[in-house]
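Just so we're aligned, residue 403 is where the sequence shown starts under UniProt numbering, counting upward by one.
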Amino acid sequence: ALVRRVVFITGAVDMTTLPPADRGEAAFIGRSNVGKSSLINMATNRKSLAYTSKTPGKTQQFNFFAVNDKPGREKEVKYGDIVEGERDADSFYLVDLPGFGFAKAPEAQRKAWASFMGEYLANRKTLKVVFHLIDSRHGPIDEDSNIMKQVKENLPKNVAYVIVLTKADKNVKGNSKKNPGKVSEKVMDDLKQAMAESGVSYAPILITSAESKLGRDSMWRYLRLAAES
Ligand code: GTP
Ligand code: MG
């Protein structure tokens with residue numbers, strides 16, 4: 403699919419500050435620093451649309467980016483109101499979430515994000531695909547298993563759920579030109595075990611790098627679900 407235009411729309415902090423549910427959405431979730439914002443930039447071919455940082459905890463709100471919106475609409479978004487007829491047919495939202503497991507965020511803030519995410523996954527009617535990012539060098543941590551369980555319990559079955567292993571370029575050991583995204587057997591085994599224990603073994607696993615753009619096409623197979631809805 404073609405990215406003609408992509409702009410930041412709004413940062414939501416709870417269900418009442420979400421933009422109008424008038425198009426498909428793809429959400430990026432995962433622990434702090436795993437590469438969510440970088441992958442949004444990679445998928446849209448933008449260098450710094452979503453802000454990234456070496457320091458965990460960069461993204462602090464549910465940031466909505468509109469792909470293929472009509473010029474100027476970002477200034478007209480009215481929270482909670484559905485504004486029709488002001489977008490192109492293939493417009494959709496990319497949603498960059500704050501990372502979980504960010505130890506420096508105040509406890510109350512982390513709780514607020516967690517409960518917002520739960521509500522968002524369960525109730526956002528236009529959500530079409532959830533990308534769950536996991537570092538390809540480390541595999542899942544406890545919080546990833548919790549997310550998987552939450553997805554299993556609360557994410558409506560018509561929403562695609564996709565595991566995305568990130569930063570594959572950093573997996574130098576065993577990498578070759580032929581197989582630049584080689585992930586260790588241990589990480590793969592841990593991941594499959596966590597998925598099985600949480601009942602989400604049905605999820606496809608993509609191997610990506612924001613650096614080398616590995617996996618961009620496979621991501622778009624799922625982004626299309628949001629674009630074409
Ligand atoms: P929070 O907003 O804190 O939750 O983090 P995030 O998940 O959005 O991570 P972000 O995209 O900000 O990336 C974190 C760090 O990892 C940055 O320094 C990125 O440059 C780096 N990074 C992200 N993706 C890749 C990748 O594919 N390869 C390499 N080498 N570095 C990456
Ligand atoms: Mg981020």
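For glycine and all other residues, C-beta sits at the position ideal for the given N, C-alpha and C.
Taking the continuous beta strand (DSSP E) assigned at residue i, which residues delimit it?
i, result
"K513", "Per DSSP, K513 belongs to no beta strand (DSSP E); it is in the alpha helix (DSSP H), 509-525."
"L529", "529-537"
"I609", "607-609"
"L562", "Looking at the sequence provided, one finds Ala at residue 562 rather than Leu. Note, A562: beta strand (DSSP E), 562-568."
Less than 6 Å between C-beta atoms, sequence neighbours within five positions excluded: which residues of the same chain meet that for residue i?
i, result
"E613", "D571"
"I431", "L499, H534"
"L625", "A428"
"A596", "P542, S547"
"G617", "L608, I609, T610"
"S620", "L608"
For residue i, which residues in the same chain have their Cβ closer than 7 Å to its Cβ, ignoring the five residues on either side in sequence?
i, result
"E486", "Confidence is the limiting factor: at E486 the pLDDT is only 48, short of 50, which leaves the residue's position unreliable, though a coordinate-based value still follows. D424, listed in sequence order."
"D416", "F518"
"K506", "G459"
"K554", "S600, G601, V602"
Going by the C-beta, is residue i closer than 6 Å to any heavy atom of ligand 1?
i, result
"A612", "yes"
"D571", "yes"
"G459", "yes"
"V415", "no"
"V436", "yes"
"S455", "yes"
Should residue i be counted as a contact of ligand 2 given a C-beta to heavy atom distance under 6 Å?
i, result
"S439", "yes"
Tell me where the alpha helix (DSSP H) around residue i begins and ends.
i, result
"L627", "618-629"
"A596", "587-600"
"I543", "Where I543 is concerned, there is no enclosing alpha helix (DSSP H), given that its DSSP letter is neither H nor E."
Compute the minimum distance between the beta carbon of residue i and the heavy atoms of ligand 4, and state whether it is under 6 Å.
i, result
"V585", "Judged by which ligands are present, ligand 4 is missing from the structure shown, whose ligands are ligand 1 and ligand 2."
Apart from the five residues on each side of it in sequence, which residues of its chain come closer than 8 Å, Cβ to Cβ, to residue i?
i, result
"T461", "K438, S439, A452, Y453, D498, L499, P500, G501"
"L593", "I536, G541, P542, I565, L567, I607"
"K588", "G541"
Count Cβ pairs between the stretch 597-608 and the stretch 559-568 that sit closer than 8 Å; are there 3 or more?
yes
Specify whether the stretch 510-528 and the stretch 446-453 touch according to this definition: at least 3 beta carbon pairs, one from each stretch, less than 8 Å apart.
no
Could you pull out every unbroken beta strand (DSSP E) segment of at least 3 residues lying fully inside the stretch 412-486, listed in chain order?
426-432, 464-471
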